[in-house]
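Trainee: Quick one: the structure is below, questions incoming.
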Amino acid sequence: MNRLDALKYFVVAAETLSFRATAERFSVSPQVITRVMGELENELGEQLFKRNTRSVRLTDFGVQWLPKAEQFLRQETVLFGASAKVSDSELSGMVRITAPPSVYSDWVLKQLLIALAPYPDIRIDWRTGFDVLKTVEDQIDIGLRITQTPDDNWVAKKIRMLNEPVVASPALVERLGLPENIEDLIARFPVGSLLNTKTNRPWAWYVNDELFPVYQAQVVTDDNKALLQAALSGRIFAQLPDMDCRHYFETGELVKVFPHSGSQKWAYYLYRPKQTITAKRVLLVYELLEKIYLSHRAV
Numbered sequence: 246m247n248r249l250d251a252l253k254y255f256v257v258a259a260e261t262l263s264f265r266a267t268a269e270r271f272s273v274s275p276q277v278i279t280r281v282m283g284e285l286e287n288e289l290g291e292q293l294f295k296r297n298t299r300s301v302r303l304t305d306f307g308v309q310w311l312p313k314a315e316q317f318l319r320q321e322t323v324l325f326g327a328s329a330k331v332s333d334s335e336l337s338g339m340v341r342i343t344a345p346p347s348v349y350s351d352w353v354l355k356q357l358l359i360a361l362a363p364y365p366d367i368r369i370d371w372r373t374g375f376d377v378l379k380t381v382e383d384q385i386d387i388g389l390r391i392t393q394t395p396d397d398n399w400v401a402k403k404i405r406m407l408n409e410p411v412v413a414s415p416a417l418v419e420r421l422g423l424p425e426n427i428e429d430l431i432a433r434f435p436v437g438s439l440l441n442t443k444t445n446r447p448w449a450w451y452v453n454d455e456l457f458p459v460y461q462a463q464v465v466t467d468d469n470k471a472l473l474q475a476a477l478s479g480r481i482f483a484q485l486p487d488m489d490c491r492h493y494f495e496t497g498e499l500v501k502v503f504p505h506s507g508s509q510k511w512a513y514y515l516y517r518p519k520q521t522i523t524a525k526r527v528l529l530v531y532e533l534l535e536k537i538y539l540s541h542r543a544v
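Counting in the numbering used here, the sequence shown runs without a single skipped number right up to 544 at its last residue.
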């Protein structure tokens, strides 16, 4: 038994309470984790986990031993982290990423895959949606989240502020004219809105720090890309991320209805969960994503 590997497996298993999730993080089989944990328990003479076919829990001894294992690994990282070589096996395996559905997110995925060309053994699980995915239950390694304040359990980097102007096609504006204000727009004009899948109702618009409920929408969808296409068709007014619309502002296919309105309190955060051990492939992908986001703010 490699004691250092056993400690790493133990700490991650204690965080995830899942031998399968631990195996995914280290690109080994769940049987390897089970075997090594058994060997570690035999060496210690104490049981670290209570486990059955449905759940894994730390024993009292495991709870007490965890801080000692974490401290040892932190010292090992300080001692060897700056000069340690990364093996090929550490740059292989799955990295699960979640991001909001948008044209911008699609572009980022393309850039990430191009940047990962030297690392053919890293696999990407790319999930888009507005539902909040949990790092443990959904095994998310990296995420992009729209929020006002990052979670305390994240290692987070602010990417950019979120600005969502109200947009429409010039043909629709020419046909119906311009509304006096947001209330007038929502009350008298055809609008589109994103769907809140938890309530099965349209999300309210957030404009200039105020919420405006949308009671009747001509188009409702759970995908920003679909809402963008509906606006381009000349059917609706919609509130959309500025970065998704920028190309169409330049071509004249879309215009801002209220040029000085938006929702500037929200921001995009790139994050990964705080963990004692983070796989090298996850750190690499996080670093690549950070560079892509921060060096392409104008996209």
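Where a beta carbon is used, it is the ideal one built from N, C-alpha and C, also for glycine.
(1) Rounded to whole angstroms, what is the Cα-Cα separation between L407 and A512?
(2) Does the stretch 476-484 come close enough to the stretch 338-352 that 3 or more CB-CB pairs lie under 8 Å?
(3) Please give the ranges of any beta strand (DSSP E) in the stretch 335-418, keeping only runs that are unbroken, at least 3 residues long and fully inside the region.
(4) Which of the three DSSP states is assigned to G283 in this structure?
(5) Does the pairing of the stretch 424-432 with the stretch 522-540 give three or more beta-carbon distances under 8 Å?
(6) Is K536 helix, strand or coil when you go by DSSP?
(7) Suppose the cutoff is 7 Å on Cβ atoms and the five residues either side in sequence are ignored; what does the same chain contact list for S328 look like?
(8) Going by the beta-carbon positions, is the gap between L473 and D489 smaller than 7 Å?
(9) Given P465, which residues of its chain have a CB within under 8 Å of its CB, disregarding the five upstream and five downstream residues?
(10) What distance in whole Å lies between the Cβ atoms of L336 and L529, which are believed to be in contact at a cut-off of 8 Å?
(11) Could you have a look at F264 and say whether DSSP puts it in helix, strand or coil?
(12) What is the residue span of the beta strand (DSSP E) that R433 lies within?
(13) Among Y516, T523, D468, which residue has its Cα nearest to the Cα of R390?
(14) If you draw a straight line from the alpha carbon of G479 to that of A413, how long is it in whole angstroms?
Mentor: Reading from the atomic positions:
(1) 5 Å
(2) no
(3) The qualifying runs are 338-344, 367-373, 387-392, 399-406, 411-413.
(4) helix
(5) no
(6) helix
(7) Low local confidence applies: a pLDDT of 48 at S328 is under 50, so the model's placement there is unreliable, with the coordinate-based value given in what follows. Within the same chain, S328 has no close Cβ partners at all.
(8) yes
(9) Note on residue identity: the sequence assigns Val, not Pro, to residue 465. G437, S438, L439, L440, P447, listed in sequence order.
(10) 6 Å
(11) helix
(12) No beta strand (DSSP E) contains R433, which is instead part of the alpha helix (DSSP H) from 427-433.
(13) Y516
(14) Looking at the two C-alpha atoms, the distance is approximately 7 Å.
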